[in-house]
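Worksheet: one structure, shown below.
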Amino acid sequence: MTLVQLATAAFEEAGRPDPTIPHTLDAVHLAAALELGDDLESIVTYDERLAEAAQSNGILVTAPR
Numbered sequence: 336m337t338l339v340q341l342a343t344a345a346f347e348e349a350g351r352p353d354p355t356i357p358h359t360l361d362a363v364h365l366a367a368a369l370e371l372g373d374d375l376e377s378i379v380t381y382d383e384r385l386a387e388a389a390q391s392n393g394i395l396v397t398a399p400r
């Protein structure tokens, strides 16, 4: 696991209203993932709404079993 310092733009993106992401932390997680761009291999989550939002933004989603 790598810690990533988020830019202000990521928080601004997370604060944008999006009906598909109703939870604040989901928005922050998605904005952070988007900020990583091509450096991100996948996002790991069990949260179905976050997974759908990530996939709709072209992010590979992994759900551990």
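Read in the numbering used here, the sequence shown has 381 at position 46, and its numbers run on one by one without any break.
Note that CB positions come from ideal geometry on N, CA and C, so glycine has one too.
My understanding is that residue i touches residue j, with C-beta atoms under 8 Å, so please give their C-beta distance in whole angstroms.
| i | j | result |
| --- | --- | --- |
| A368 | A389 | 6 Å |
| T359 | S377 | The Cβ separation is near 22 Å, so there is no contact. |
Only counting the same chain, and skipping five residues up and downstream in sequence, which positions put a Cβ closer than 6 Å to that of residue i?
| i | result |
| --- | --- |
| T380 | A386 |
| S394 | The displayed chain sequence assigns Ile, not Ser, to residue 394. Counting only Cβ-Cβ distances below 6 Å, and skipping sequence neighbours, we find A368 and I378. |
Based on DSSP bridge pairs, tell me the residues matched to residue i.
| i | result |
| --- | --- |
| I378 | V396 |
Beta-carbon within less than 8 Å of residue i's beta-carbon, same chain only, minus the 5 sequence neighbours each way: which residues are those?
| i | result |
| --- | --- |
| H364 | I378, T380 and L385 |
| A342 | E370 |
Who are the near neighbours of residue i in its chain, counting only those whose CB is closer than 7 Å to its CB and skipping five residues on each side?
| i | result |
| --- | --- |
| L375 | A368 and I394 |
| D382 | D361 |
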